[in-house]
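Participant: Pasting a structure here, questions to come.
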Amino acid sequence: SLHRAGALWRANPRELTLEAREECYQRSRYVDHLDVFISHTWQSSGVSKTWSLLLQSGWQHATGGWFLGVALAFVLCATETLPRPFSLVVTVGPWSEPCSVGPWAMM
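This note's numbering runs 415 ahead of the 1-based position in the sequence shown.
In structure tokens, the structure reads:
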């Protein structure tokens, strides 16, 4: 149901033409059982429903992609391939040292 960037969830059935409603109905099918039942209201925006479904069904992939991106940024910063344009003074007890940092792990 998330095909075409969640177009099914972003369309309010009351605003669809009769032909579009019939096409949507023709895409439905009977099933033996439900793995998940998603209750929703048409008063919520379709964009928020789409984002909710994406997060529910794809959070593992998003977290894995984020972790790989952070690991890659770490390696590229350690090998000085990615620049670290900012400076942060780190103070621990009597020790104080400026450290160069970049925003790459936060992305």
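Where a beta carbon is used, it is the ideal one built from N, C-alpha and C, also for glycine.
Would you say W519 and L483 are within 9 Å of each other, going by their C-beta atoms?
Facilitator: Position 104 of the sequence shown holds residue 519. Position 68 of the sequence shown holds residue 483. No.
Participant: Does DSSP classify V504 as helix, strand or coil?
Facilitator: Looking up residue 504 in the sequence shown gives position 89. It is a strand residue.
Participant: Can you tell me whether DSSP reads P509 as helix, strand or coil?
Facilitator: Numbered from 1 along the sequence shown, position 94 holds the residue referred to as residue 509. In the structure shown, P509 sits in coil (DSSP, three-state: anything other than H, G, I, E or B).
Participant: In this structure, how does DSSP classify S460 when only helix, strand and coil are distinguished?
Facilitator: Along the sequence shown, one-based indexing puts residue 460 at 45. The answer is coil: DSSP assigns S460 none of H, G, I, E or B.
Participant: Does the region 422-438 come within contact of the region 457-465, defined as at least 3 CB pairs closer than 8 Å?
Facilitator: yes
Participant: Between the Cα of R499 and those of A477, S515, S511, spot the shortest distance and give me the residue it belongs to.
Facilitator: Residue numbering aside, residue 499 sits at position 84 when the sequence shown is read from its first letter. The candidate whose alpha carbon is nearest that of R499 is S515.
Participant: For the putative contact between V505 and E512, defined by C-beta atoms under 8 Å, what is the C-beta separation to the nearest angstrom?
Facilitator: Here residue 505 is taken as the residue at index 90 of the sequence shown, counted from 1. Here residue 512 is taken as the residue at index 97 of the sequence shown, counted from 1. Contact holds; Cβ gap of about 6 Å.
Participant: What do you reckon, are the CB atoms on L487 and G517 nearer than 9 Å?
Facilitator: Within the sequence shown, the letter at position 72 stands for residue 487. Within the sequence shown, the letter at position 102 stands for residue 517. Contact flag unset, no.
Participant: How is S467 classed by DSSP in three states: helix, strand or coil?
Facilitator: What you label residue 467 is simply residue 52 of the sequence shown in a count that begins at 1. Three-state result, S467: helix.
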